[in-house]
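Participant: Residue numbers (my numbering), protein chains in the order written: chain A, 1 to 147; chain B, 148 to 294.
The beta carbon of each residue, even a glycine, is placed where N, CA and C say it ideally should be.
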DNA sequence: TAAAAAAATCTTGAAAATCAAAGTATTTCT
DNA sequence: AGAAATACTTTGATTTTCAAGATTTTTTTA
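(1) For residue 115 of chain A and chain B, any beta-carbon pair shorter than 8 Å?
(2) Would you say residue 142 of chain A faces chain B, with C-beta separation under 8 Å as the test?
(3) Since I believe residue 197 of chain B is in contact with residue 242 of chain B (beta carbons under 8 Å), could you give me their beta-carbon distance rounded to a whole number of angstroms?
(4) Can you check whether the C-beta of residue 88 of chain A is within less than 8 Å of a C-beta belonging to chain B?
(5) Taking a cut of 8 Å between CB atoms, which residues from the segment 123 to 136 of chain A lie near chain B?
(6) Could you spell out where the alpha helix (DSSP H) holding residue 73 of chain A opens and where it closes?
(7) So what does residue 105 of chain A bridge to, in DSSP terms?
(8) What is the DSSP secondary structure of residue 227 of chain B, reduced to helix, strand or coil?
(9) Given a cut-off of 8 Å on the beta-carbon distance, is the pair residue 67 of chain A and residue 60 of chain A in contact?
(10) With a threshold of 8 Å between beta carbons, is residue 175 of chain B in contact with chain A?
(11) Is there at least one Cβ from chain A nearer than 8 Å to residue 162 of chain B's Cβ?
(12) Given a limit of 7 Å on CB to CB distance, which residues of the segment 32 to 54 of chain A reach chain B?
(13) Checking contacts by CB at 8 Å: is residue 79 of chain A closer than that to chain B?
(14) Drop a sphere of 10 angstroms on the beta-carbon of residue 211 of chain B, count the other beta-carbons inside from all chains shown, and report buried for 16 or more, exposed for fewer.
(15) Going straight from the alpha carbon of residue 44 of chain A to that of residue 54 of chain A, what length do you get?
(16) Mind listing the chain A neighbours of residue 285 of chain B? Cutoff is C-beta to C-beta under 9 Å, in chain order.
(17) Would you mind sorting residue 12 of chain A into buried or exposed? The rule is 16 or more other CB atoms within 10 Å of its CB.
(18) Restricting to Cα atoms, I'd like to know which of B:261, B:287, B:167, B:235 is closest to residue 199 of chain B.
Pasting the structure below:
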């Protein structure tokens with residue numbers, strides 16, 4: 001059977017497209033000084049209560065040193081603010097500036113449109129199968145990772 | 148309906164996992180000097196007839212200069228061989244060495260197992276719907292990209 | 001056919017992303 | 001009080017990337 005080849009190619013093609021488009025969707029007129037990496041950091045910071053460096057670094061699976069460098073750049077560009085904790089003066093709280101929040105929402109919007117675009121093309125049953133298949137995939141990945 | 152949230156989260160989670168695991172699956176005892184990037188290049192070279200630099204660069208969406216640097220490293224590590232064309236001496240043909248072919252097959256094997264893992268979880272009809280859904284997704288991405 | 005233009009690749013210089021290890025400031029433990 | 005732990009930054013090195021310039025070879029043109 002050639003379901004294997006078909007599925008493999010479909011997945012690989014999909015994966016590559018998503019990577020490409022995410023990148024292009026991020027850098028627009030309005031946010032042209034932002035890199036792909038910057039956007040991931042902005043996404044990890046989020047629009048909720050401020051987070052400290054260690055928490056964000058763990059979320060992104062990078063060292064705190066690496067994150068410091070990314071933050072320096074984002075602060076300089078005006079997307080992020082640093083605030084030393086007054087209770088524990090070792091801790092630095094990170095939050096998004098107005099500009100940062102705008103970028104965050106721009107990215108979230110892209111995701112929303114993407115999912116919408118997908119859902120429009122699928123009927124109820126297809127959608128169900130897709131979600132199920134993705135979960136299977138996800139479980140399979142997690143199992144492999146444990147070994 | 149919360150199909151939106153479900154699908155979005157499933158996709159995001161899947162993507163992060165794929166990224167992580169692809170990376171970990173590549174670097175094994177046998178191929179411990181290979182990076183994620185190296186593997187993508189090896190994959191693009193393939194085990195068919197040799198390809199020139201421009202072709203591979205286009206396939207990977209990088210400049211030829213970038214590819215030259217990656218190739219220098221792969222040649223030095225013994226995964227790739229360079230061969231100047233005798234018809235057109237500007238052209239350099241790239242092909243995988245024995246070691247390179249082994250790495251290629253190792254990676255292909257990972258993909259095969261991944262697809263197998265998914266397919267085991269789905270019946271014939273579901274599989275068909277999945278492939279169709281993925282193609283829809285893929286088309287949507289291509290449309291967006293054109294704008 | 002000689003000169004100009006085009007093509008394929010490589011080199012160079014600069015920026016971004018990354019880590020490990022060392023350094024600084026602060027808090028907690030003994 | 002002194003030692004150990006914690007949170008973060010700095011430093012030095014490596015990798016990946018691009019744009020622009022350089023080199024070699026082929027193709028086009030006058």
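Facilitator: Working from what's here:
(1) yes
(2) yes
(3) 4 Å
(4) no
(5) 125, 126, 127, 129, 130, 131, 132, 133, 134, 135, 136
(6) 64 to 77
(7) Bridge partners of residue 105 of chain A: none, in fact.
(8) strand
(9) yes
(10) no
(11) yes
(12) none
(13) no
(14) exposed
(15) 12 Å
(16) 10, 13, 14, 17
(17) exposed
(18) B:235
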